[in-house]
Structure formats: C-alpha cells, structure tokens
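Enquirer: Mind looking over this structure? Questions follow.
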Amino acid sequence: MSKRESTFINMVLTLFLVTAVASSGLGFIYGITKEPIAEAKRIKKLNALRSTLPEFDNEPAELVEALFIDGDSVYLYKGYNQEKWIGTAVETFTNLGFSGKIRIMVGFNPDGSIFDISVLEHKETPGLGDKIEKKKSQDKKTGLSWSSQFKGKNPSQNELKVTKDGGEIDAITASTISSRAFCDAVNRAQKALEQISTEK
C-alpha cells in the first residue's frame, strides 16, 4: 500500500513540476515577444493607413474613433493634408470568412467612394481565400489585384455583393465564401462611416 501511495505522490509531484516549468517558460517567452508583436502590429496598421488613404500630413492613428458594431470594435482614422480632410480609413472586420475572422482597413474618399483596401489579418486557405491579399492575387502584367475592383465604388449607393448574389464584385475562383466575407467587412466599414457622419 505504501509503495502505491509513494508512486502516486511522485507522479503528482512530477506532473506539478513539469506544469510549473512549462508555464514559467511560456510566461517568459510571452514577456519577451509581447512588445515586438505589438510593434509589428502597429507598423502594419501604419502601412495600411498609408496605402488606404490619399497622401496625408497628420497622424491618423492619433485621431481614432471607435464604434462597437456587431459584437466587435471598428476604428475610424481621419486623414488630413494641409488641414484639409482627405479621407477616412476604417479598420473593420467580418466573422464570415471560411476560416474565421478577417480584419481589413478600408480607405474612403470624402465623397464616400473607396480609395483602397488593405488586409490586416486573416486565416483564409492558402492559394484560395488568401487571394484577398493584394500580393497573393496581383496580376504581373497589369499590377491589379482582386481587391482593385473595389476602388472607386461607393457602398453607400450600392451594397457590395458578389455576382452570385446579384452584385458587381467578381468572387475569387473557388473562394466565394472569402469573397462574400470581404464584401461584408467593406459594407460594415461604410455603415460605421455613415454612423459617425450622422452623429456629428
């Protein structure tokens, strides 16, 4: 009996020790990587602002407004050039992606038309749904990407939908779900922009 109890106690102590060492190691690694990860996200956001807005001379990240829409936050960044408002970038999301949440930045001109779009985060299928990213779908001859078809469109005039749903957006081949999700995120960005405009 005492031998069995001793073996059980040793197993429990060993398990506790392994768990303590593993959790300490994870905590240590998290502490080391936390700031570089946050910095990488900040730089990605700044690059997205630069690519989705016309040239600006202010710090849009300092002029942020947040809205809580459909269970998550949407952020709006206003760009100015020589104190003139040149557009608003909206960090938006959708939960309808084939592999979950997609976060994008949509830049709007003052008239509500889309200036450009940048993908911030996704887990879509490589070679298919990941073509929502410019670099993954860019045509070598024309330089255009799948998301180029959104430029100049005004979602406040016509909700953006893929052609299968009666809209004018050509879906990525074999990735209709990702394409629909992208449209959903863009439409959510427009609704956030409209909400901010009506509040003022």
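The opening residue of the sequence shown carries number 1104 in the working numbering; numbering runs sequentially from there.
Every residue, glycine too, gets a C-beta built ideally from N, C-alpha and C.
1) Going by alpha carbons, who is nearest to Glu1262 out of Thr1276, Leu1120, Asp1287, Ala1277?
2) Figure out for me which residue from Thr1155, Leu1149, Thr1197, Asp1242 has the closest Cα to the Cα of Glu1315.
3) Here's a check: name, in chain order, each residue in its chain whose Cβ is nearer than 8 Å to the Cβ of Lys1264, leaving out the five neighbours to either side.
4) Round the Cβ separation of Gln1293 and Pro1258 to the nearest angstrom and send it over; I've been treating them as touching at under 8 Å.
5) The beta strand (DSSP E) spanning Lys1254 covers which residue range?
6) Applying the 10 Å Cβ sphere with the 16-neighbour rule, what's the burial state of Glu1158?
7) Residue ranges of each beta strand (DSSP E) run of no fewer than 3 residues wholly in the region 1133-1172, ordered along the chain?
8) Applying the 10 Å Cβ sphere with the 16-neighbour rule, what's the burial state of Asp1219?
9) Which residues share a DSSP beta bridge with Val1265?
10) Rank Lys1187, Gly1246, Ala1192 by C-alpha distance to the C-alpha of Ala1169 and give the top, closest one.
11) Is the beta carbon of Asp1160 sitting closer than 9 Å to the one on Tyr1133?
12) So, with DSSP's three-state summary, where would you put Gly1230?
13) Quick one: what's got a C-beta closer than 7 Å to Met1104's C-beta in the same chain, skipping five residues either side?
14) Is the beta carbon of Asp1233 closer than 9 Å to that of Ser1225?
15) Have a look at Ile1146 and Gln1260 and give me their C-alpha separation to the nearest angstrom.
16) Tell me which residue opens and which closes the beta strand (DSSP E) that Lys1244 is part of.
17) Taking only three categories from DSSP, how would you classify Gly1130?
18) Provide the residue span of the beta strand (DSSP E) that contains Gly1174, from first to last.
19) CB Lys1254 to CB Ile1280, shorter than 9 Å?
Expert: Let's see:
1) Looking from the CA of Glu1262, the closest CA among Thr1276, Leu1120, Asp1287, Ala1277 belongs to Asp1287.
2) Within the shown structure, residues of the chain are numbered from 1104 to 1303, placing residue 1315 beyond reach of any answer.
3) Closer than 8 Å at the Cβ level, and outside the excluded window around Lys1264, lie Gly1270, Glu1271, Ile1272, Arg1283, Cys1286.
4) Going by Cβ atoms, the distance from Gln1293 to Pro1258 rounds to 4 Å, so yes, they are a contact pair.
5) Under the DSSP assignment, Lys1254 falls outside any beta strand (DSSP E); it carries neither an H nor an E label.
6) Counting Cβ neighbours within 10 Å, Glu1158 comes out exposed, since fewer than 16 surround it.
7) Here the runs fully enclosed are 1167-1172.
8) Result: buried.
9) In DSSP, Val1265 forms a bridge with Ile1272.
10) If we check each option's Cα against that of Ala1169, Ala1192 comes out closest.
11) Cβ atoms of Asp1160 and Tyr1133: not closer than 9 Å.
12) For Gly1230, the three-state secondary structure derived from DSSP is coil.
13) In this prediction, Met1104 scores a pLDDT of 46, lower than 50, which makes its location untrustworthy; the coordinate-derived value is nonetheless stated afterwards. Closer than 7 Å at the Cβ level, and outside the excluded window around Met1104, lies no residue.
14) One detail in the question is off: residue 1225 reads as His in this sequence, not Ser. In contact: His1225 and Asp1233 (Cβ atoms closer than 9 Å).
15) Rounded to the nearest angstrom, the gap between the Cα atoms of Ile1146 and Gln1260 is 33 Å.
16) Taken as a continuous stretch (DSSP letters only), Lys1244 belongs to no beta strand (DSSP E), as it is neither H nor E.
17) DSSP places Gly1130 in helix when its eight states are reduced to three.
18) Gly1174: not part of any beta strand (DSSP E); DSSP gives it neither H nor E.
19) Taking the C-beta atoms as reference points, Ile1280 is found no nearer than 9 Å to Lys1254.
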